[in-house]
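The structure under discussion appears below in the form of structure tokens.
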Amino acid sequence: MSEQTVTTYNCDYCSRKLPDDYRTTNGQGKSYYVKKAHDTVPLKTPVSGCTGFVVEVTLGTPKDDHHFTDLCDTCRLKFLKMAVEHLEAKVAAEAEEQEGADNEGEEADV
Ligand SMILES: [Zn+2]
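Everything in the sequence shown is counted per this note's numbering, starting at 171 for the first residue and increasing by one.
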């Protein structure tokens, strides 16, 4: 019986094992992780005919020495929440700014 090597993939950040669902092997028997499938969020109700969207969560910027690209769901959720908070604050600040600009305009008209 030949010994089979099973490659497992772990979260770059917390080392938790990533789900086996997206582990696959190519024609040469080389194992790899289908990150795009792992990153895909299915949509129950299609948007503009699209049935899912891809959310790539990568910790680190091009300036950083390290990139954490393969993340487990727990880490992805943690960093996504931070991203959502950042975007919400940004959008809220922009909306406020817009409102302020509108009010100034009204005041100028008086
Ligand atoms: Zn993790």
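Idealized CB from N, CA, C, for every residue including glycine.
Quantities reported herein were computed from a predicted structural model and do not represent experimental measurements.
Item, Value
"For C184, does the three-state DSSP call read helix, strand or coil?", "coil"
"Would you report the Cα separation of L250 and D235, rounded to the nearest angstrom?", "21 angstroms"
"Mind checking who V224 pairs with in its DSSP beta bridge?", "T210"
"Span of the beta strand (DSSP E) holding Y202?", "201 to 203"
"Between which two residues does the beta strand (DSSP E) containing T194 stretch?", "193 to 195"
"Contact check, D243 vs Y179 under 8 angstroms by CB: the rounded distance?", "Actually they are not in contact, since the Cβ atoms of D243 and Y179 sit about 13 angstroms apart, beyond 8 angstroms."
"Cutting at 8 angstroms between CB atoms, please list the residues of its own chain near L188, excluding the five before and the five after it.", "T178, Y179, N180, C181, Y203, H208, D240, C242"
"Identify whether L241 lies in helix, strand or coil by the three-state DSSP scheme.", "coil"
"Using the C-alpha atoms, what's the distance from V225 back to C245?", "13 angstroms"
"Could you tell me which residues DSSP pairs with V217 in its beta bridges?", "C220"
"Would you say R186 touches ligand 1, meaning its beta carbon is less than 7 angstroms from a heavy atom?", "yes"
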